[in-house]
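**Q** Protein chains in written order, with this note's numbering: chain E, 127 to 380; chain U, 43 to 351.
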Amino acid sequence: MTGGPPVIEVNDLTRTFGSFVAVDRITFEVHPGEVFGFLGANGAGKTTAIRMLTGLLVPSGGQARVAGHDVYTESEAVKRSIGYMSQRFSLYEDLTVRENARLYGGIYGLTDAEIRERIGAMLARLKLEAAADTRVSALPLGWRQKLAFSVALLHRPTIVFLDEPTSGVDPVTRRQFWELIYETARAGTTVLVTTHYMDEAEYCDRISIMVAGRIEALGAPSDLKKQFGVESMDELFVRLARPAAGASAGAAAP
Amino acid sequence: MSGAAIAARGSGLVKRFDETTALGGVSFEVAAGEIFGFIGPDGAGKSTLFRILATLIIPSAGTAEVLGRNVVTQHWDVRARVGYMPGRFSLYPDLSVEENLTFFASVFGTTIAREYDRIAPIYSQLEPFKQRRAGALSGGMKQKLALSCALVHRPELLLLDEPTTGVDAVSRREFWELLAQLKTTGLTIVVSTPYMDEADRCDRIALIERGKILATDTPAAIAGSFGRPLLAVKAKDRYRALLILRTFPHVHTVYPFGEVLHYSDERKDASPEQVAAEVAEFLRVKGLVGADVHPIAAGIEDSFMERLA
């Protein structure tokens, strides 16, 4: 982790849809170079929160700054400062690796020379030079995910949002993907990641767990386990997301 | 397996789509009344296999029987006896919860009322929302509705293709508890998942990758077949520890595993305690102090990765 002002600064951020409060006054910060795990059950409000932080959805209340830009008044600057990758949509399957990277570089306003140089460096780092002119649809899923991540970093964003990047990926590739995350964070890019794999929560410097629109836990995994007196992140997650289920599971334990 | 009736069987199943081979010769037997899991990542061939067993596609080669009936020549007979839950949510989003269930019941010539006792454990959780459009349900509720629809004609065997993919850890746990309840009624359950931590919920599992079965056995036997010294290494700076461990002369693999690293050694017959002492010393020499190193028993995920390597 490096110093400097927070990359994400969120204060009482709220979003309502009619009478439904999807995100309920959440407050947290993410520091430069940090790997921050953004966890929660389905429907807890993660996606709504991420849409606000990426400049795609206007909040109903509260404040949020991402990479120094206000999400209300500078949403375009927010979008230019971030990278985004999701499991559902990452690369265009009918384009080659190089074409995808050129497209993204162009959207973010890189020059042709910058694009050429950065694609070369990216392919070398991933050892994928041979696949540069292969259509994405012909690549194994694991490669695609690593490529999608690298393409999301092509414009050197301050922070990259990864939405379930390892869903359905084999266990070896999943871990290789996390090594890319570590390398990226070491190089100074902040990472915010969502996942349903509880072992991956342990790989984060700090995590938050959302329950019904609110952040119910925030801190380093080891500190949270101590604070809540649990053995694993899985146990903590169950306890927070379903208080009743957590209690009965605890009672059933020997 | 000896003595138990066979509920499903695949023999040399192959499925090709143009140049792609989705299944490259898959054989297995599922005993009546067991929960049998196909465990593997996306693209392993799980959905293709389930579609063959559900009689929706025909294998390019090999044969499969479900409940003693051939999936190609007796497909109507198979369909009436199995409940199939496809990987993608495949109910009618514009119909209500109750309308979806009524529809599935009527297709099989029955009604919700007549089958209520079978679906009650699951459907009762949905009933308060029975007027809600299926498309407006949460992920966990959609899953329960899909399971109710797959059960409404009292099948003898359930085919559940990735029922927990993309579902949060708590809903996943609840879903497996439902399956354990269903198993007590004598139902055979064939299920697939990409989540290795769900393997322990199955009686037996097949590890599947790139159209091939890598191993079939009980979860405990598969975990126990790892066959190398395995250590858990806990260090404050995990990434640095990982990079150092990769330079140890006898390293086989090093992977992050939750809050620790798993280190396996290339010397298959070495004493795990001896290896732990050497690795701890190596970390110290390389300037990483305070690491906790101790031998552990391998899990399913370790065994799966060992077979991928």
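A virtual CB, placed ideally from N, CA and C, is assigned to each residue, including glycine.
Should the stretch 192 to 201 of chain U be regarded as contacting the stretch 109 to 124 of chain U, the criterion being three or more beta carbon pairs within less than 8 Å?
**A** They touch, by the three-pair rule.
**Q** Do G87 of chain U and V56 of chain U count as a contact pair if the criterion is CB distance below 7 Å?
**A** For the purposes of this step, residue 56 of chain U is identified with residue 14 of the second sequence, where counting begins at 1. For the purposes of this step, residue 87 of chain U is identified with residue 45 of the second sequence, where counting begins at 1. Cβ atoms of V56 of chain U and G87 of chain U: not closer than 7 Å.
**Q** Report the CB separation of D331 of chain E from F162 of chain E in whole angstroms; it is logged as a contact under 8 Å.
**A** Translated into positions along the first sequence, residue 331 of chain E becomes position 205. Translated into positions along the first sequence, residue 162 of chain E becomes position 36. Going by Cβ atoms, the distance from D331 of chain E to F162 of chain E rounds to 7 Å, so yes, they are a contact pair.
**Q** Please confirm if F162 of chain E has its CB atom under 7 Å from at least one CB of chain U.
**A** Position 36 of the first sequence, counting from 1, holds the residue named residue 162 of chain E. By this cut-off, F162 of chain E is not an interface position.
**Q** Below 7 Å between beta carbons is the criterion; list the residues of the stretch 211 to 244 of chain E that meet it against any residue of chain U, in chain order.
**A** Taking 7 Å as the Cβ-Cβ cut-off against chain U, none of the residues of the stretch 211 to 244 of chain E qualify.
**Q** At least one CB of chain U closer than 7 Å to the CB of H322 of chain E: is that the case?
**A** The residue you call residue 322 of chain E lines up with position 196 of the first sequence. H322 of chain E counts as touching chain U.
**Q** Can you confirm whether L267 of chain E, when its beta carbon is compared against all beta carbons of chain U, has any partner nearer than 7 Å?
**A** For the purposes of this step, residue 267 of chain E is identified with residue 141 of the first sequence, where counting begins at 1. Cβ-Cβ to chain U under 7 Å: yes for L267 of chain E.
**Q** Measuring CB to CB, does T230 of chain U end up less than 7 Å from G75 of chain U?
**A** Your numbering for residue 230 of chain U matches position 188 in the second sequence. Your numbering for residue 75 of chain U matches position 33 in the second sequence. Yes, Cβ-Cβ distance for T230 of chain U and G75 of chain U is below 7 Å.
**Q** Taking 7 Å as the threshold (beta carbon to beta carbon), is D331 of chain E in contact with chain U?
**A** Against the first sequence, residue 331 of chain E aligns to sequence position 205. No - not a single Cβ of chain U is within 7 Å of the one on D331 of chain E.
**Q** Are L273 of chain U and V321 of chain U touching if we call contact CB-CB under 7 Å?
**A** Residue 273 of chain U sits at position 231 when you count from the first residue of the second sequence. Residue 321 of chain U sits at position 279 when you count from the first residue of the second sequence. Against a cut-off of 7 Å, the Cβ pair of V321 of chain U and L273 of chain U comes out as a contact.
**Q** Along chain E, which residues have their Cβ under 7 Å away from the Cβ of P236 of chain U?
**A** Here the question's residue 236 of chain U lines up with position 194 in the second sequence. Simply G294.
**Q** Hey, L366 of chain E and A343 of chain E: beta-carbon distance below 7 Å or not?
**A** For the purposes of this step, residue 366 of chain E is taken as the residue at position 240 of the first sequence. For the purposes of this step, residue 343 of chain E is taken as the residue at position 217 of the first sequence. Yes, the Cβ-Cβ distance between L366 of chain E and A343 of chain E is below 7 Å.
**Q** If you run the structure through DSSP and keep just helix, strand and coil, what is F346 of chain U?
**A** Residue 346 of chain U sits at position 304 when you count from the first residue of the second sequence. Three-state DSSP puts F346 of chain U in a helix.
**Q** Got a sec? Which residues, its chain only, sit under 6 Å from P83 of chain U by beta carbon, not counting five neighbours each side?
**A** Here residue 83 of chain U refers to the residue found at position 41 of the second sequence. Cβ within range, chain order: P236.
**Q** Which residue's Cα is closest to the Cα of V194 of chain U: U:G177, U:A147, U:E169, U:A162?
**A** Counting from 1 along the second sequence, the entry for residue 194 of chain U is found at position 152. With distances taken between Cα atoms, V194 of chain U lies closest to U:A147.
**Q** Which of the three DSSP states, helix, strand or coil, is assigned to V298 of chain E?
**A** The residue you call residue 298 of chain E lines up with position 172 of the first sequence. Helix, per DSSP.
**Q** Taking the C-alpha atoms as reference points, what is the distance between F164 of chain E and V120 of chain U?
**A** The count along the first sequence starts at 1 and reaches residue 164 of chain E at position 38. The count along the second sequence starts at 1 and reaches residue 120 of chain U at position 78. Near 44 Å, if we compare the C-alpha coordinates of V120 of chain U and F164 of chain E.
**Q** Contact between the stretch 212 to 222 of chain E and the stretch 256 to 270 of chain E: three or more CB pairs below 8 Å?
**A** At 8 Å Cβ cutoff, the stretches touch.
**Q** When you compare the stretch 327 to 336 of chain U with the stretch 243 to 251 of chain U, are there three or more beta-carbon pairs, one atom per stretch, that lie closer than 8 Å?
**A** At 8 Å Cβ cutoff, the stretches do not touch.
**Q** With 16 other CB atoms within 10 Å as the buried threshold, where does N137 of chain E fall?
**A** Residue 137 of chain E sits at position 11 when you count from the first residue of the first sequence. Answer is exposed; the Cβ neighbour count stays below 16.
**Q** Grab me the residues of F47 of chain U's own chain with a C-beta within less than 6 Å of its C-beta, minus the 5 sequence neighbours each way, in chain order.
**A** For the purposes of this step, residue 47 of chain U is taken as the residue at position 5 of the second sequence. One point to set straight first is that residue 47 of chain U is Ala, not Phe, in the sequence displayed. The residues are A74.
**Q** Does the beta carbon of G275 of chain E sit closer than 7 Å to a beta carbon anywhere in chain U?
**A** One-based indexing of the first sequence puts residue 275 of chain E at position 149. Before going on, a small fix: residue 275 of chain E reads as Phe here, not Gly. Answer no: the Cβ-Cβ gap between F275 of chain E and chain U never drops below 7 Å.
**Q** Cutting at 6 Å between CB atoms, please list the residues of its own chain near R244 of chain E, excluding the five before and the five after it.
**A** Along the first sequence, one-based indexing puts residue 244 of chain E at 118. So the list reads L280, once near-sequence residues are dropped.
**Q** In terms of residues, what are the limits of the beta strand (DSSP E) holding K276 of chain U?
**A** As a first step, residue 276 of chain U must be located in the second sequence, where it is residue number 234. Counting along the chain, the beta strand (DSSP E) containing K276 of chain U begins and ends at 272 to 276.
**Q** The stretch 320 to 347 of chain U: which residues have C-beta closer than 8 Å to a C-beta of chain E, in chain order?
**A** Hits within the stretch, in order: E343, F346, M347.
**Q** When the Cα atoms are used, what is the spatial distance from V317 of chain U to F324 of chain U?
**A** Against the second sequence, residue 317 of chain U aligns to sequence position 275. Against the second sequence, residue 324 of chain U aligns to sequence position 282. About 10 Å.
**Q** Of the residues U:P128, U:T289, U:R215, which one's Cα is nearest the Cα of C191 of chain U?
**A** Position 149 of the second sequence, counting from 1, holds the residue named residue 191 of chain U. C191 of chain U has its Cα closest to that of U:P128, out of U:P128, U:T289, U:R215.
**Q** Am I right that S213 of chain U and N226 of chain E are in contact with their C-beta atoms under 8 Å? What's the rounded C-beta distance?
**A** Reading the second sequence from its first residue, position 171 is the one you call residue 213 of chain U. Reading the first sequence from its first residue, position 100 is the one you call residue 226 of chain E. Wrong, their Cβ atoms sit about 34 Å apart, outside the cutoff.
**Q** Indicate the three-state DSSP secondary structure (helix, strand or coil) for S138 of chain U in the structure shown.
**A** Stepping through the second sequence from its first residue, residue 138 of chain U is reached at position 96. In the structure shown, S138 of chain U sits in a strand (DSSP, three-state: E or B).
**Q** Could you give the uninterrupted runs of the alpha helix (DSSP H) lying entirely in the stretch 48 to 125 of chain U, keeping only those of 4 residues or more?
**A** You should have 88 to 95, 117 to 123.
**Q** Work out the CA separation of L256 of chain U and R349 of chain U for me, nearest whole Å.
**A** Counting from 1 along the second sequence, the entry for residue 349 of chain U is found at position 307. Counting from 1 along the second sequence, the entry for residue 256 of chain U is found at position 214. C-alpha separation (whole angstroms): 7 Å.
**Q** Is the Cβ of L256 of chain U closer than 7 Å to any Cβ of chain E?
**A** The residue given as residue 256 of chain U occupies position 214 in the second sequence. Taking Cβ atoms only, chain E never reaches closer than 7 Å to L256 of chain U, which makes this a no.
**Q** Leaving out five residues before and five after S207 of chain E in sequence, what residues of the same chain have Cβ atoms less than 8 Å from its Cβ?
**A** Position 81 of the first sequence, counting from 1, holds the residue named residue 207 of chain E. Excluding positions up to five away in sequence, the list reads V192, A193, G194, H195, P283, T284, I285.
**Q** What residues are listed by DSSP as bridge partners for K254 of chain U?
**A** Locating residue 254 of chain U in the second sequence gives position 212, where the first residue counts as 1. In the DSSP output, where bridge partners are listed per residue, K254 of chain U has U:E251.
**Q** Kindly list the residues whose CB is nearer than 6 Å to the CB of E135 of chain E, restricted to its own chain and excluding five residues on each side of it in sequence; keep chain order.
**A** Numbered from its first residue, the first sequence carries residue 135 of chain E at position 9. Around E135 of chain E: E155, R191.
**Q** Report yes or no: do the stretch 50 to 70 of chain U and the stretch 96 to 113 of chain U share at least 3 C-beta pairs separated by less than 8 Å?
**A** Because the criterion of three Cβ pairs below 8 Å is met, the stretch 50 to 70 of chain U and the stretch 96 to 113 of chain U touch.
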